[in-house]
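Quick note: the sequence shown, position 279, residue 379 per our numbering, numbers continuous.
Glycine residues also receive a C-beta, built at the ideal position from the N, C-alpha and C atoms.
As the structure is a computational prediction, the values presented were derived from the model and not from experiment.
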Amino acid sequence: EKENYPNPEINSFACRTSSSRLCDPDGILIDIERRKIIEKINWIEEKYNVNCDGKANPIQLTVAIANKINLNPYKHMNDSEEKAVKDFSVYLHNKWGVGVDTKCGGTGMVFFISILDKALYFSRGDGLADVLTDKRIDRLIESITSHLKQQYYSSALQDIVDGVSQYLEGGPPNKEELWMDRLETLIPISIMVLVFGVAIFKGIRDEREARSYATVQTQLSQLDRDRALVLQGQYQCSTCPICLEPFKKEEGETLFTHGSDGLPLKLLRCGHAFDETCWSEWVTNGSGNLRRCPICQQDVGAGGNETAP
Numbered sequence: 101e102k103e104n105y106p107n108p109e110i111n112s113f114a115c116r117t118s119s120s121r122l123c124d125p126d127g128i129l130i131d132i133e134r135r136k137i138i139e140k141i142n143w144i145e146e147k148y149n150v151n152c153d154g155k156a157n158p159i160q161l162t163v164a165i166a167n168k169i170n171l172n173p174y175k176h177m178n179d180s181e182e183k184a185v186k187d188f189s190v191y192l193h194n195k196w197g198v199g200v201d202t203k204c205g206g207t208g209m210v211f212f213i214s215i216l217d218k219a220l221y222f223s224r225g226d227g228l229a230d231v232l233t234d235k236r237i238d239r240l241i242e243s244i245t246s247h248l249k250q251q252y253y254s255s256a257l258q259d260i261v262d263g264v265s266q267y268l269e270g271g272p273p274n275k276e277e278l279w280m281d282r283l284e285t286l287i288p289i290s291i292m293v294l295v296f297g298v299a300i301f302k303g304i305r306d307e308r309e310a311r312s313y314a315t316v317q318t319q320l321s322q323l324d325r326d327r328a329l330v331l332q333g334q335y336q337c338s339t340c341p342i343c344l345e346p347f348k349k350e351e352g353e354t355l356f357t358h359g360s361d362g363l364p365l366k367l368l369r370c371g372h373a374f375d376e377t378c379w380s381e382w383v384t385n386g387s388g389n390l391r392r393c394p395i396c397q398q399d400v401g402a403g404g405n406e407t408a409p
């Protein structure tokens, strides 16, 4: 539990160090590694500060390590490890009072890593946001990924501290860096928009092709029409399958020849018939596979005994 994690200012023995800037209760590091990290942190705190309202305010950085934390309260969430470690880091930052509160924001930083959970988080006060931007913090974390995979925890932590030092030395990002940061953000968005646009365009194109195919392929030659009439007689359809209104016969005819709209029936190669008006409306505005008969799902361009692939 984060409430039980020792405070290095109060219980340095439990943190395995004499410094208030490092806590390693599970003994992930050895003594010499802890001392190197503490030396780097002390150097940062002695050299840099945050200027706010004409006053120099001290910077404070604390590194905390745990072998594993309790994830049970986060099991129902996506990315439970990341959310748990973030909460843990922010809790330590606030509970320990790392940094100084100024009108420009806090001047403290807490870097927390949970080894077995393979998760970490860098909590930073707003007073440092102009120098330690979110993009820069992301780069710091990304830069130590290979060390963490190889279990070089001391090297990873020292690199984080060195990276913070380098950013503090250089100051806020210049125009070129800010432009690159924006570009990194815009490129994935642009790719998503492009992919989405291509998908929409392809969908529109395919739909147009399907409607054109249905219109052209249902124009029957006399031979195709004679074959379709034979099949129509076998089906003995008497109503339009779309509007369900009854077809009409000419006097003396055995087959229905006209639809409820008074127009000649729209006859497909498969022998199924429709009101001309209903068929035209379906081809123009309908949904489904326009390349197939809506009754038997046969390709409207195929012969009476053929089926579409």
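Kindly indicate which three-state DSSP category residue i falls into: helix, strand or coil?
i      : result
Pro409 : Confidence at Pro409 is low in this model, with a pLDDT of 40, below 50, so the placement of that residue is unreliable and no value is reported for it.
Gly404 : Legend: pLDDT at Gly404 = 45, less than 50; position of this residue unreliable, value from coordinates given subsequently. Gly404: coil per DSSP, three-state reduction.
His247 : helix
Asp375 : coil
Arg135 : helix
Asp399 : strand
Arg392 : strand
Asp230 : coil
Gln319 : coil
Tyr267 : helix
Ser387 : coil
Phe301 : helix
Tyr253 : helix
Ile260 : helix
Ser312 : helix
Ser380 : helix
Asn104 : helix
Ala328 : helix
Leu294 : helix
Are the beta-carbon atoms of residue i and residue j separated by less than 8 angstroms?
i      : j      : result
Tyr174 : Lys183 : yes
Leu329 : Leu363 : no
Leu390 : Ala310 : yes
Leu161 : Met209 : yes
Pro158 : Asn172 : no
Pro106 : Leu122 : no
Ile165 : Val261 : no
Cys396 : Asp375 : no
Gln334 : Gly388 : no
Leu232 : Val190 : no
Val400 : Cys393 : yes
Cys115 : Asp124 : yes
Arg197 : Thr207 : Position check: residue 197 holds Gly in this sequence, whereas Arg was assumed. In this structure, Thr207 does not lie closer than 8 angstroms to Gly197 by Cβ.
Thr357 : Glu351 : no
Ser112 : Ile138 : no
Pro288 : Asp230 : no
Going along the chain, which residues of its own chain have a beta-carbon closer than 8 angstroms to the beta-carbon of residue i, five neighbours each way excluded?
i      : result
Lys136 : Ser254, Gln258
Val185 : Ile169, Phe212, Ile213, Ser214, Asp217, Ala219, Leu220, Tyr221
Can you give me the Cβ contacts of residue i inside the same chain, cut-off strictly under 6 angstroms, excluding the 5 residues immediately before and after it?
i      : result
Cys204 : Cys152, Gly227
Leu365 : Gly359, Ala373
Val248 : The sequence given here places Leu at residue 248; Val does not occur at that position. Around Leu248: Ala256.
Ile237 : Phe222
Ser246 : none
Asn142 : none
List the residues that DSSP assigns as beta-bridge partners of residue i.
i      : result
Asn157 : Val150
Leu283 : In the DSSP output, where bridge partners are listed per residue, Leu283 has none listed.
Leu122 : Val163
To which residues of the same chain is residue i closer than 7 angstroms at the C-beta, ignoring the five residues directly before and after it?
i      : result
Pro346 : Ser338, Thr339, Ser360
Arg325 : Leu367
Glu133 : Ser254
Phe188 : Lys102, Ile169, Phe212
Val316 : none
I'd like to confirm something about residue i: is its beta-carbon nearer than 7 angstroms to some heavy atom of the ligand ATP, or not?
i      : result
Gln332 : Ligands are entirely absent from the displayed structure, and the ligand ATP is therefore not among its contents.
Exercise for the section: Can you check the stretch 164-227 for any beta strand (DSSP E) of at least 3 residues that lies completely inside it and give the ranges in chain order? Expected result: 208-214, 219-224
Problem - Runs of alpha helix (DSSP H) lying entirely within the stretch 334-374, each at least 4 residues, in chain order - result: none
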